[in-house]
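The numbers in the UniProt record's numbering rise by one with no breaks, and the one at position 193 of the sequence shown is 193.
From the three backbone atoms N, C-alpha and C, an ideal C-beta is built for every residue, glycine too.
Fair warning: this is a prediction, and the values are worked out from it, not measured in the lab.
Contents: one structure, followed by commentary.
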Amino acid sequence: MYFGAYVEEYIEKNKDILTEDDIQSFKHKRLAFYTELCTQIKNRFPFENALLENLNVLEPKIAYSGNIPSLTKLLNCFPVLKDKVNIEKLNLEWRIILDLKEMETHLDELDTFWSLLLCQKDGNNDFQFSNLIIVTTYVFSLPHFSASAERMYSQLFLIKTKPRNRLLIETCQNLLHTKFYVSECNKVCYNFTPNDEILKRNVVYPKQNQDTDIPHVALAAQPIQYIDTETV
1 MYFGAYVEEY IEKNKDILTE DDIQSFKHKR LAFYTELCTQ IKNRFPFENA LLENLNVLEP
61 KIAYSGNIPS LTKLLNCFPV LKDKVNIEKL NLEWRIILDL KEMETHLDEL DTFWSLLLCQ
121 KDGNNDFQFS NLIIVTTYVF SLPHFSASAE RMYSQLFLIK TKPRNRLLIE TCQNLLHTKF
181 YVSECNKVCY NFTPNDEILK RNVVYPKQNQ DTDIPHVALA AQPIQYIDTE TV
């Protein structure tokens with residue numbers, strides 16, 4: 001088993017003090033570690049899942065091989081895409097990938113392969129793989145969706161703490177929007193000044209109370225609304 005250049009270099013430099021038993025013991029322990037690592041990975045990922053089985057068709061070497069005649073199985077894993085693409089045109093686009101000989105030099109670079117492929121245009125200057133663009137963009141964005149959701153939940157937990165666990169969903173949503181917008185502007189709460197366009201979008205607090213003539217500025221100064229239920 002190959003353990004890398006640094007291991008080989010270390011063994012070579014210390015061959016005078018390392019016995020054969022030491023080297024064999026090290027290799028057996030590394031082998032046991034890799035075996036356990038593979039076992040744990042297998043236990044944690046549903047490799048029999050149809051989605052994971054079909055995702056590999058987008059690997060450049062497989063996509064360019066011509067061995068997969070259709071993307072129907074992959075599309076069945078994402079029912080939402082069936083209303084967004086023409087399946088017949090999608091499969092036609094998929095089958096003509098093999099005709100693009102220039103893509104053969106990018107089979108080891110997934111990002112480069114699909115970026116170049118999806119930029120191809122036909123004689124009418126339209127995207128040649130318009131349906132394939134929709135499918136690949138959706139599929140390749142899945143890992144980012146997961147990471148974004150985790151970050152959003154993390155921010156929500158910081159907002160909805162124990163003393164504030166009865167905040168309305170609308171209030172939490174507005175706090176999150178405000179937080180991310182201020183961050184995008186490279187500002188913090190004490191040096192951020194909302195512009196007129198932002199102030200016009202004030203929909204949480206009406207400009208004038210229906211029962212009184214209290215201006216919306218005074219309403220905004222009132223305590224934050226809470227759900228009138230028992231703490232969950």
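> Buried or exposed: residue 152, going by 16 or more other Cβ atoms within 10 Å of its Cβ?
Replying inline: exposed
>> Between the alpha carbons of residue 98 and residue 16, how many angstroms are there, rounded?
In response: 55 Å
> In this structure, what does DSSP give as the bridge partners for residue 127?
Replying inline: 121
> Quick one, which of 43, 3, 14, 141 has its alpha-carbon nearest residue 28's?
Replying inline: 3
> In whole angstroms, what separates the C-alpha of residue 125 from that of residue 176?
Replying inline: 41 Å
> Using DSSP with H/G/I as helix, E/B as strand and the rest coil, what is residue 175?
Replying inline: helix
> Is it right to say residue 32 is buried, meaning 16 or more other beta carbons lie within 10 angstroms of its own, or is it exposed?
Replying inline: exposed
>> Along the chain, where does the alpha helix (DSSP H) containing residue 90 start, and where does it finish?
In response: 87-95
> With DSSP run on the structure shown, which of helix, strand or coil describes residue 78?
Replying inline: coil
> residue 65: which of 79, 37, 103, 84 sits nearest, CA to CA?
Replying inline: 103
> If we count Cβ pairs, one from each stretch, closer than 8 Å, do we get three or more for the region 81-94 versus the region 115-132?
Replying inline: yes
>> I'd like the span of the alpha helix (DSSP H) that includes residue 186, first residue to last.
In response: Unbroken run through residue 186: none, as it is neither H nor E.
> Going by alpha carbons, who is nearest to residue 89 out of 12, 77, 69, 186?
Replying inline: 69
> Going by the CB atoms, is the gap between residue 54 and residue 74 shorter than 8 Å?
Replying inline: yes
> Relative to the alpha-carbon of residue 91, which residue among 57, 200, 122, 121 has its alpha-carbon at the smallest distance?
Replying inline: 57
>> Which residue wins for smallest C-alpha separation from residue 113, given the options 77, 149, 63?
In response: 63
> For the alpha helix (DSSP H) that residue 44 lies in, which residues bound it at each end?
Replying inline: 20-44
> Hey, quick one: how far does the alpha helix (DSSP H) through residue 64 stretch, first residue to last?
Replying inline: 60-65
> Using CA coordinates, which residue listed in 52, 26, 136 is at the minimum distance from residue 115?
Replying inline: 136
> What do you get for residue 37, buried or exposed, if any count of 16 or more other CB atoms within 10 angstroms of its CB means buried?
Replying inline: exposed
>> Assuming residue 57 is part of the alpha helix (DSSP H), what are its boundary residues?
In response: Segment: none, residue 57 is in no alpha helix (DSSP H) and carries neither H nor E.
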